[in-house]
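A.B. asks: Here it is, the structure, as structure tokens.
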Amino acid sequence: MTNHTVHVPLGDRTYDVRIGTNLLSRAGAEMANLLQRKHVAVVTEDRVAGLHLAGLESGLAASGITMSSLSLEPGEGTKNWENLARVVEWLLSERFERRDVVVALGGGVIGDLVGFASAITRRGLRFVQVPTSLLAQVDSSVGGKTGINTSHGKNLVGAFHQPSLVLADVDLLDTLTPRDFLAGYGEVVKYGLLGNATFFQWLEKNARSMAMGDAGLRAEAVRFSVQMKADIVERDETEQGDRALLNLGHTFCHALEAATGYSDRLLHGEGVAIGCALAFEVSARAGFCSQEVPSRVRSHLKAMGMKTDLSDIAGELPDADGLLDLMAQDKKVIDGALRYIMVRGIGEAFVTSDVPQDVVRGVLQDALDER
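Note that this note's numbering numbers the sequence shown so that position 30 is 30, with each residue one more than the last.
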């Protein structure tokens with residue numbers, strides 16, 4: 001299978017995203033030109049370490065590169081102040097310097113946390129993303145958003161810090177559970193929904209085979225998603241305009257993640273899928289698109305076996321006003337007004353603050369009533 005490279009052109013922060021197979025075994029060769037000395041810091045989490053840390057170590061050793069590693073607890077709850085401090089203190093204790101490279105080996109949690117630690121340690125260490133989940137390969141490893149969660153909400157503390165390289169090895173996706181793969185697919189389908197109806201049509205045709213393990217289709221889905229994100233990040237690196245479109249479904253998602261305590265009750269990509277379904281429903285009720293559009297979206301998500309409704313989330317949830325309060329903590333609030341990502345159709349997302357709150361509350365209430 002042919003490997004792909006997506007170039008993210010950001011001046012002196014420019015980097016490449018390599019997408020394909022056998023990239024972990026080539027990690028040393030891929031990183032060699034970044035290194036002043038042949039030693040790197042690797043931060044991962046326990047589940048990923050058991051699956052892929054030895055493979056990375058071998059891939060580095062093939063080019064004469066050694067590594068020190070730190071492994072954290074898995075899960076969204078790891079993205080907190082305590083672990084941020086732990087990573088920073090470890091990097092300092094290991095005497096990593098500004099010319100050295102930190103490697104984030106894991107999913108979105110590790111990528112976000114390690115990227116933020118790299119941004120603030122010695123006022124900026126270079127880092128390489130080696131995303132091991134579909135969600136991280138198509139979304140969180142690209143674009144330079146790093147951060148942690150707090151009691152106030154998700155990703156409210158962080159920095160824009162671009163990686164120096166991303167190695168998206170689709171072979172690693174074979175070790176994902178079906179649930180984790182489908183959670184990542186929530187971010188894949190988002191790209192079609194927000195900006196490319198042709199890609200969404202491609203997914204309607206190919207996503208089932210992709211989920212069943214077709215490596216070529218997986219690489220193409222990752223390549224297309226990364227290219228879309230790279231194009232948007234190039235235009236708007238720090239989310240002053242178009243980049244906000246990448247948050248389709250995320251305002252609802254982040255509120256639901258906070259409501260479920262950032263736990264395994266709701267994985268991030270599952271929240272994105274539910275959030276997209278809610279965003280399309282609000283768009284229809286607000287008169288931005290026809291009612292047939294959210295029905296098509298929900299039909300595809302259900303055909304993939306994904307979570308699509310609030311009723312798919314186990315346990316208690318806040319009432320509609322409680323969810324609205326959580327949404328009000330979103331990073332997209334400007335001058336007290338929440339900016340929504342709405343749609344005029346599949347592939348036609350836009351940003352607006354002009355969404356009646358009673359419409360949003362009504363959609364949330366109806367979704368809660370169905371639980």
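The beta-carbon is built from N, C-alpha and C at its ideal position, and this holds for glycine as well.
Quick check: what's the CA-CA separation for Gly195 versus Met67?
C.D. replies: As a first step, residue 195 must be located in the sequence shown, where it is residue number 195. As a first step, residue 67 must be located in the sequence shown, where it is residue number 67. Computed Cα separation, rounded: 40 Å.
A.B. asks: From Gly75 to His268, what does the alpha carbon distance come to, in whole angstroms?
C.D. replies: Here residue 75 refers to the residue found at position 75 of the sequence shown. Here residue 268 refers to the residue found at position 268 of the sequence shown. Taking the straight line joining both Cα atoms gives about 10 Å.
A.B. asks: Which residue marks the beginning of the beta strand (DSSP E) containing Leu103, and which one marks its end?
C.D. replies: Within the sequence shown, numbered from 1, the residue matching residue 103 stands at position 103. In the sequence on display, residue 103 carries Val and not Leu. Element bounds for Val103: 101–106.
A.B. asks: How about Ala29 and Ser69: do their beta carbons lie closer than 8 Å?
C.D. replies: Within the sequence shown, residue 29 is the residue found at index 29, counting from 1. Within the sequence shown, residue 69 is the residue found at index 69, counting from 1. Taking 8 Å as the Cβ cut-off, Ala29 and Ser69 do not qualify as a contacting pair.
A.B. asks: Residue range of the beta strand (DSSP E) that Met1 falls in?
C.D. replies: Start at 1 with the first residue of the sequence shown, and residue 1 comes out as number 1. Note, Met1: premise wrong, no beta strand (DSSP E); not H, not E.
A.B. asks: Suppose you measure from the CA of Phe288 to the CA of Leu167; what does that come to, to the nearest Å?
C.D. replies: The count along the sequence shown starts at 1 and reaches residue 288 at position 288. The count along the sequence shown starts at 1 and reaches residue 167 at position 167. Computed Cα separation, rounded: 39 Å.
A.B. asks: May I ask you to verify whether the region 197–212 touches the region 357–365, counting CB pairs closer than 8 Å and requiring at least 3?
C.D. replies: With a cut-off of 8 Å, the region 357–365 and the region 197–212 do not count as touching, because too few Cβ pairs lie within range.
A.B. asks: Checking 8 Å against the spacing of the C-beta atoms, do Val43 and Val87 come in under that value?
C.D. replies: What you label residue 43 is simply residue 43 of the sequence shown in a count that begins at 1. What you label residue 87 is simply residue 87 of the sequence shown in a count that begins at 1. Cβ atoms of Val43 and Val87: closer than 8 Å.
A.B. asks: Rounded to whole angstroms, how far is the Cβ of Leu317 from the Cβ of Leu368, which I believe are closer than 8 Å?
C.D. replies: Taking the first residue of the sequence shown as position 1, residue 317 is located at position 317. Taking the first residue of the sequence shown as position 1, residue 368 is located at position 368. 7 Å between Cβ atoms; contact.
A.B. asks: Looking only at its own chain, which residues have a Cβ that is under 6 Å from the Cβ of Thr78, when we skip the five neighbours before and after it?
C.D. replies: The residue labelled residue 78 in the question sits at position 78 within the sequence shown. Once the five neighbours on either side are set aside, the close Cβ partners of Thr78 are Leu72, Val109.
A.B. asks: What residues are listed by DSSP as bridge partners for Val343?
C.D. replies: Stepping through the sequence shown from its first residue, residue 343 is reached at position 343. DSSP, once it has assigned bridges, lists Ala349 as partnering Val343.
A.B. asks: Quick one, are the C-beta atoms of Asp139 and Lys229 less than 8 Å apart?
C.D. replies: Reading the sequence shown from its first residue, position 139 is the one you call residue 139. Reading the sequence shown from its first residue, position 229 is the one you call residue 229. Cβ atoms of Asp139 and Lys229: closer than 8 Å.
A.B. asks: Measuring CA to CA, which of Gly345, Thr132, Arg98 is closest to Asp171?
C.D. replies: Position 171 of the sequence shown holds residue 171. The residue with the shortest Cα to Cα distance from Asp171 is Thr132.
A.B. asks: Please list the terminal residues of the continuous alpha helix (DSSP H) segment that includes Val40.
C.D. replies: On the sequence shown, residue 40 is found 40 positions in, with the first residue counted as 1. Where Val40 is concerned, there is no enclosing alpha helix (DSSP H), although the beta strand (DSSP E) it sits in stretches over 39–45.
A.B. asks: Taking the beta strand (DSSP E) that Ile19 falls in, what are its first and last residues?
C.D. replies: Indexing the sequence shown from 1 puts residue 19 at position 19. Element bounds for Ile19: 15–20.
A.B. asks: Assuming Gln357 is part of the alpha helix (DSSP H), what are its boundary residues?
C.D. replies: To locate residue 357, count along the sequence shown from 1; it is residue 357. Its alpha helix (DSSP H) spans residues 357–369.
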